[in-house]
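Just so it is clear: in the sequence shown, position 67 is 67 by our numbering, and no numbers are missing. Quick reminder that beta carbons are idealized off the backbone N, C-alpha and C, glycines included. What follows is a short report on a single structure.
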Amino acid sequence: EVSEIAGGFIHGNDGSDEIVIVHSQGHCLRLPEPDEIDPRYEKWNLADLPIHFSDSMLKEIDPFAAKRYGAIKAYLHRADFIINAGDAGREGELIQRWILKKSGVRKNVYRLWSSSLTKAAIRKAYNNLLGGSEEEKRMLDDLYDAGSARAIMDKFTGYNYSRLISLTKTDGVTVNYGRCKSPLTHAIIERDEEIESFVKRPYSFIRVHMDHEG
Numbered sequence: 001e002v003s004e005i006a007g008g009f010i011h012g013n014d015g016s017d018e019i020v021i022v023h024s025q026g027h028c029l030r031l032p033e034p035d036e037i038d039p040r041y042e043k044w045n046l047a048d049l050p051i052h053f054s055d056s057m058l059k060e061i062d063p064f065a066a067k068r069y070g071a072i073k074a075y076l077h078r079a080d081f082i083i084n085a086g087d088a089g090r091e092g093e094l095i096q097r098w099i100l101k102k103s104g105v106r107k108n109v110y111r112l113w114s115s116s117l118t119k120a121a122i123r124k125a126y127n128n129l130l131g132g133s134e135e136e137k138r139m140l141d142d143l144y145d146a147g148s149a150r151a152i153m154d155k156f157t158g159y160n161y162s163r164l165i166s167l168t169k170t171d172g173v174t175v176n177y178g179r180c181k182s183p184l185t186h187a188i189i190e191r192d193e194e195i196e197s198f199v200k201r202p203y204s205f206i207r208v209h210m211d212h213e214g
């Protein structure tokens, strides 16, 4: 018997075990803002750079996410057996691991790994859960570490470079620097400048006829 319960979660019973399927609907936690790490960072000051980040102070993204996280946390602490069935990939691992990390759950967590959402694929993944061996745990830990490093470096680069450039290069104008946004913006500007300053020049080309028999 399966039914929907508060929070849009799914409750079921296979005859002997109670099963609850919870979901975060994507990211519900984030890294802290600089002033959440230390109130003095609210004011931009060159002497405070670099501001360091870690995922030891995770925050809920918004009130809706906070409510959802609270419900998930309650079920995690009630559970005897936890299966992480997040998206099969670095970001999926990060989203669910952050929830487990912030909730403080100290239980064995197994991983359902499936890129397909067909019933057959999910059933196969359910019958072959990862996390039982040290090698599988290490592989999943490496995936989480990669996702966490990406998120932390995005934040570290964005806030530190934004403050550094704004305080030293722009005569008081605030700029936002991002790991992806800024190089892409630079490439677009560079290309626009090439087009505007383009000068026609003579060119040559070679035409070659090939005989496949000789």
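Length of the line joining the Cα atoms of lysine 102 and leucine 49: 27 Å
Residues bridged to asparagine 13 [DSSP beta-bridge criterion]: Glu18
Can you find at least 3 beta carbon pairs, one from the segment 18 to 32 and one from the segment 52 to 66, that sit closer than 8 Å? yes
Leaving out the 5 sequence neighbours to the left and right, which residues in its chain are closer than 8 Å to glutamate 4 when beta-carbon positions are compared? Ile10, His11
Measuring straight from C-alpha to C-alpha, what distance separates threonine 170 and histidine 186? 16 Å
If we call anything under 9 Å between Cβ atoms a contact, is cysteine 28 one with tyrosine 75? no
With respect to the beta strand (DSSP E) encompassing glutamate 4, which residues constitute its N-terminal and C-terminal limits? 2 to 5
For arginine 163 and lysine 43, the rounded distance between their alpha carbons: 10 Å
Same chain, Cβ closer than 8 Å to lysine 137, neighbours up to 5 away in sequence not counted: Gly131
Count the other CB atoms, across all protein chains shown, that sit within 10 Å of the CB of leucine 46; report buried if there are 16 or more and exposed otherwise. exposed
Note down the Cα distance separating valine 20 from alanine 85, rounded to an integer number of angstroms. 12 Å
Is tyrosine 229 helix, strand or coil by DSSP? With the chain running from 1 to 214 in the structure shown, residue 229 is simply not present.
Per DSSP, what kind of secondary structure is tyrosine 126 in: helix, strand or coil? helix
For isoleucine 72, count neighbouring Cβ atoms within 10 angstroms of its own Cβ and tell me buried if that reaches 16, exposed if not. buried
Alpha-carbon to alpha-carbon, alanine 79 and lysine 67: 19 Å
Relative to the alpha-carbon of valine 109, which residue among Lys200, Ala120, His77, Arg90 has its alpha-carbon at the smallest distance? His77
DSSP bridge partner residues for lysine 59 (one or two, in chain order): Arg30
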